[in-house]
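Worksheet: the structure to be examined is printed underneath.
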Amino acid sequence: MKNPLKILQDAQSSEILLRLKDGTEYRGRLKEIDAYMNMILEDATEILDGSPAAKYSEIFIRGNNLLFIKPDASEIL
Amino acid sequence: MKNPLKILQDAQSSEILLRLKDGTEYRGRLKEIDAYMNMILEDATEILDGSPAAKYSEIFIRGNNLLFIKPDASEIL
Amino acid sequence: MKNPLKILQDAQSSEILLRLKDGTEYRGRLKEIDAYMNMILEDATEILDGSPAAKYSEIFIRGNNLLFIKPDASEIL
Amino acid sequence: MKNPLKILQDAQSSEILLRLKDGTEYRGRLKEIDAYMNMILEDATEILDGSPAAKYSEIFIRGNNLLFIKPDASEIL
Amino acid sequence: MKNPLKILQDAQSSEILLRLKDGTEYRGRLKEIDAYMNMILEDATEILDGSPAAKYSEIFIRGNNLLFIKPDASEIL
Amino acid sequence: MKNPLKILQDAQSSEILLRLKDGTEYRGRLKEIDAYMNMILEDATEILDGSPAAKYSEIFIRGNNLLFIKPDASEIL
Amino acid sequence: MKNPLKILQDAQSSEILLRLKDGTEYRGRLKEIDAYMNMILEDATEILDGSPAAKYSEIFIRGNNLLFIKPDASEIL
């Protein structure tokens, strides 16, 4: 059995997109992430219903609300 | 008692379909999965109400939101 | 104190009906089940509001969403 | 501190009524129950909004959805 | 740090009122309670929206749905 | 790393205001609190939508439903 | 793997903004925070739908309801 979390550690300092359980999305540079998927994003944009809603130079996001992470947000189709 | 998770490990590198608790579905190639059912999908399509909604070259999905996994998505009737 | 889970182990390879917390039901042959009630069903039918909604030759269902299991689905009245 | 679970063990093979968190009720003969309140009911009737909705000769109910159990269902006023 | 649960043990055999997370209330004589706040009530009345909805000579209530307990229900203002 | 719970222990026997996850608020004298934030309030008032809804001479509140506690309720602006 | 929680410890005594799972936001000076993200805020303002709704000289917030923390609230764009 492999370790899917490693892809998240490797994504540190690259731009990611994440979605929380309530549907809110954040796009930003992943500064740090731990085993509980707690994260710090830099230069983050909050996205509601597909539109930018707020900007944060730095934000701590609690991992237990996470739905998914797209490691390289620059590739979104 | 057997180990149902083994079918998921065996499904690595084949195409799967999964549904999350909120009804969102993802279809893609299972790259990695761990004991918490955290997964990495490649060439994934997000499906909302039966229609493709987004595409991701690579996506990390948190296992605790999982409802079901269909190991071989090419067989869907 | 007895072990109700044993009935589920004994139900392996027989047809079962299960309902998830969101009301979705699955009927199929129980291939494997573990102590967390994670299951693999074969030749499964998804049932929404009493009507067949999809068919899966094989499906992995996460145990923590389970509401009930009817071990011998051929007896439903 | 006493052990309220003992009343449930003593109720084995008598008729009980139980309600789940979603409001569904089941009435039947308690065949087995474990420390997680997982149960097997025999000759069970599912009750929705006070009316019988389905019958099951045998059903496994996951304990973590339980709201309450009335040990002797024959006494309901 | 004190032990608030002790008040509940002391309330055994007196009349209590409790409210569950879904708003349902039960008033009855507390027969037993354990460290998980699982309880047995005797001569219990179920109260919905402030009105009696059902009566149970004995009922087991799962502690994890509990919102609050009023130890001496005879004092309600 | 400090210990935010200590402020709650220090608040024992002073008047507090607390809000539960469902929005209900209670104002009363904190008699006891444990590490799980289970509490006993004395002379408590239940507040719904900003208005007093009920009074309890003594009430046990389960900690896992807690949203916040204002330690000194006499200072509310 | 780094430690994202450290940014929160470093934020002690600076102004932060946090959002809970129910959407309520609090802005205030972070006095203390522990490993469960339980926090004490000083001079806190509760924000509902973007507008100030209440003020608290001191408030204890339970960590398990946390969605995100913006460490330096003075930088919000």
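One line per chain: the protein sequences are A, B, C, D, E, F and G, in this order. Take the numbering used here: the last position of the first sequence gets the number 156, and nothing is skipped along the way. Take the numbering used here: the last position of the second sequence gets the number 156, and nothing is skipped along the way. Take the numbering used here: the last position of the third sequence gets the number 156, and nothing is skipped along the way. Take the numbering used here: the last position of the fourth sequence gets the number 156, and nothing is skipped along the way. Take the numbering used here: the last position of the fifth sequence gets the number 156, and nothing is skipped along the way. Take the numbering used here: the last position of the sixth sequence gets the number 156, and nothing is skipped along the way. Take the numbering used here: the last position of the seventh sequence gets the number 156, and nothing is skipped along the way. A virtual CB, placed ideally from N, CA and C, is assigned to each residue, including glycine.
| said: Taking its Cβ as the centre, do 16 or more other Cβ atoms sit within 10 Å of aspartate 89 of chain D, making it buried, or is it exposed? | reply: By one-based count along the fourth sequence, residue 89 of chain D stands at place 10. The residue in question, aspartate 89 of chain D, is exposed, as its Cβ has fewer than 16 Cβ neighbours within 10 Å.
| In whole angstroms, what is the alpha-carbon distance linking leucine 109 of chain D and glutamate 94 of chain D? | Position 30 of the fourth sequence, counting from 1, holds the residue named residue 109 of chain D. Position 15 of the fourth sequence, counting from 1, holds the residue named residue 94 of chain D. Looking at the two C-alpha atoms, the distance is approximately 6 angstroms.
| By a C-beta neighbour count over all protein chains shown, 10 Å radius and 16 as the cutoff for buried, is leucine 120 of chain E buried or exposed? | Position 41 of the fifth sequence holds residue 120 of chain E. By the Cβ neighbour-count rule, leucine 120 of chain E is buried, with 16 or more other Cβ atoms within 10 Å of its own.
| said: Restricting to Cα atoms, I'd like to know which of D:Pro150, D:Ala152, D:Asp151, D:Ile140 is closest to asparagine 82 of chain C. | reply: The residue labelled residue 82 of chain C in the question sits at position 3 within the third sequence. The shortest Cα separation from asparagine 82 of chain C among D:Pro150, D:Ala152, D:Asp151, D:Ile140 belongs to D:Ile140.
| glycine 102 of chain E, buried or exposed, once every other Cβ within 10 Å from all chains shown has been counted against 16 | Along the fifth sequence, one-based indexing puts residue 102 of chain E at 23. Burial call: exposed.
| message | Would arginine 98 of chain G and phenylalanine 147 of chain G be called neighbours here (beta carbons separated by less than 8 angstroms)? | response | Working through the seventh sequence from its first residue, we reach residue 98 of chain G at position 19. Working through the seventh sequence from its first residue, we reach residue 147 of chain G at position 68. Contact flag set, yes.
| message | With H, G and I counted as helix, E and B as strand and the rest as coil, what does DSSP make of alanine 132 of chain C? | response | Here residue 132 of chain C refers to the residue found at position 53 of the third sequence. Three-state DSSP puts alanine 132 of chain C in a strand.
| task | Apply the 10 Å Cβ neighbour rule to proline 131 of chain B and answer buried if 16 or more other Cβ atoms are within range, or exposed otherwise. | result | Position 52 of the second sequence, counted from the start, is the residue given in the question as residue 131 of chain B. Answer is exposed; the Cβ neighbour count stays below 16.
| request: Please report the residue range of the alpha helix (DSSP H) in which aspartate 89 of chain G lies. | output: As a first step, residue 89 of chain G is located in the seventh sequence; it is residue number 10 there, counting from the start. 84-89 is the span of the alpha helix (DSSP H), which, as asked, contains aspartate 89 of chain G.
| query | Mind pulling the chain B residues with CB within less than 8 angstroms of aspartate 151 of chain A? | reply | Looking up residue 151 of chain A in the first sequence gives position 72. Going along chain B in sequence order, the residues near aspartate 151 of chain A (Cβ under 8 angstroms) are Ser136, Glu137.
| Any chain G beta carbon closer than 8 angstroms to proline 82 of chain A | Translated into positions along the first sequence, residue 82 of chain A becomes position 3. Note that residue 82 of chain A is asparagine in the sequence shown, not proline. Look at asparagine 82 of chain A: its C-beta is not under 8 angstroms from any C-beta on chain G.
| field | Three-way DSSP call (helix, strand, coil) for glycine 107 of chain F in this model | value | Here residue 107 of chain F corresponds to residue number 28 of the sixth sequence, with the count starting at 1. Reduced to three states, the DSSP call for glycine 107 of chain F is strand.
| query | chain A partners of lysine 100 of chain G, CB-CB under 8 angstroms? | reply | Reading the seventh sequence from its first residue, position 21 is the one you call residue 100 of chain G. Against lysine 100 of chain G, the close residues of chain A are Asp101, Asn144, in the order they occur along the chain (beta-carbon pairs closer than 8 angstroms).
| field | Run of the beta strand (DSSP E) containing methionine 118 of chain B, from where it starts to where it stops | value | Here residue 118 of chain B corresponds to residue number 39 of the second sequence, with the count starting at 1. Unbroken beta strand (DSSP E) run through methionine 118 of chain B: 118-127.
| message | If you follow the beta strand (DSSP E) that arginine 141 of chain B is in, where does it begin and where does it stop? | response | Sequence index remark: in the second sequence, residue 141 of chain B carries index 62 (1-based). Run containing arginine 141 of chain B: none; DSSP gives neither H nor E here.
| task | Please check if any C-beta of chain A sits within less than 8 angstroms of the C-beta of methionine 116 of chain G. | result | Sequence index remark: in the seventh sequence, residue 116 of chain G carries index 37 (1-based). Answer yes: the Cβ-Cβ gap between methionine 116 of chain G and chain A drops below 8 angstroms somewhere.
| By Cβ distance below 6 angstroms, which residues in the same chain neighbour glycine 142 of chain E in space, the five residues on each side in sequence not counted? | On the fifth sequence, position 63 is the one that residue 142 of chain E refers to. Answer for glycine 142 of chain E: Tyr115, Met116, Asn117, listed in chain order.
| Residue nearest to alanine 123 of chain C in terms of C-alpha spacing, selected from C:Leu96, C:Gln91, C:Lys85 | Taking the third sequence and counting its residues from 1, one reaches residue 123 of chain C at position 44. Among C:Leu96, C:Gln91, C:Lys85, the Cα nearest to that of alanine 123 of chain C belongs to C:Leu96.
| request: Verify the CB distance criterion: does aspartate 113 of chain C have a CB-CB separation below 8 angstroms to chain B? | output: The residue you call residue 113 of chain C lines up with position 34 of the third sequence. Yes - at least one Cβ of chain B is within 8 angstroms of the one on aspartate 113 of chain C.
| field | Any C-beta of chain D under 8 angstroms from that of isoleucine 140 of chain E | value | Walking along the fifth sequence from the start, residue 140 of chain E turns up at place 61. With its beta carbon less than 8 angstroms from one in chain D, isoleucine 140 of chain E belongs to the interface.
| task | Can you give me the Cβ contacts of lysine 100 of chain D inside the same chain, cut-off strictly under 7 angstroms, excluding the 5 residues immediately before and after it? | result | The residue labelled residue 100 of chain D in the question sits at position 21 within the fourth sequence. Excluding positions up to five away in sequence, the list reads Asn144, Leu146.
| said: Using only CA atoms, which one of B:Ala133, B:Ala152, B:Ser92, B:Asp151 lies nearest to lysine 149 of chain A? | reply: Position 70 of the first sequence, counted from the start, is the residue given in the question as residue 149 of chain A. With distances taken between Cα atoms, lysine 149 of chain A lies closest to B:Ala133.
| Between isoleucine 126 of chain E and tyrosine 135 of chain E, what straight-line distance do the alpha-carbon atoms span, to the nearest angstrom? | In the fifth sequence, counting from the first residue as 1, residue 126 of chain E sits at position 47. In the fifth sequence, counting from the first residue as 1, residue 135 of chain E sits at position 56. For isoleucine 126 of chain E and tyrosine 135 of chain E, the gap between their C-alpha atoms comes out near 12 angstroms.
| task | For isoleucine 86 of chain D, I'd like the list of residues in its chain whose CB is within less than 8 angstroms of its CB, leaving aside the five on either flank, ordered along the chain. | result | For the purposes of this step, residue 86 of chain D is taken as the residue at position 7 of the fourth sequence. Answer for isoleucine 86 of chain D: Pro150, listed in chain order.
| field | Rounded separation between glutamate 137 of chain D and aspartate 128 of chain D - CA only | value | The residue you call residue 137 of chain D lines up with position 58 of the fourth sequence. The residue you call residue 128 of chain D lines up with position 49 of the fourth sequence. One C-alpha to the other measures close to 22 angstroms.
| query | If you draw a straight line from the C-alpha of alanine 152 of chain D to the C-alpha of serine 92 of chain D, how long is it? | reply | Mapped onto the fourth sequence, residue 152 of chain D falls at position 73. Mapped onto the fourth sequence, residue 92 of chain D falls at position 13. Looking at the two C-alpha atoms, the distance is approximately 12 angstroms.
| query | Ordered along the chain, which non-local residues of its own chain (more than five positions away) have a Cβ less than 7 angstroms from that of isoleucine 112 of chain E? | reply | Within the fifth sequence, numbered from 1, the residue matching residue 112 of chain E stands at position 33. Leu87, Gln88, Gln91, Met118.
| Would you report the Cα separation of leucine 84 of chain A and glutamate 104 of chain A, rounded to the nearest angstrom? | In the first sequence, residue 84 of chain A corresponds to position 5, counting from 1. In the first sequence, residue 104 of chain A corresponds to position 25, counting from 1. The C-alpha of glutamate 104 of chain A is placed about 20 angstroms away from the C-alpha of leucine 84 of chain A.
| message | Quick check on isoleucine 119 of chain A - is its C-beta less than 8 angstroms from some C-beta in chain B? | response | As a working mapping, residue 119 of chain A is identified with position 40 in the first sequence. False, the Cβ-Cβ gap to chain B never drops below 8 angstroms.
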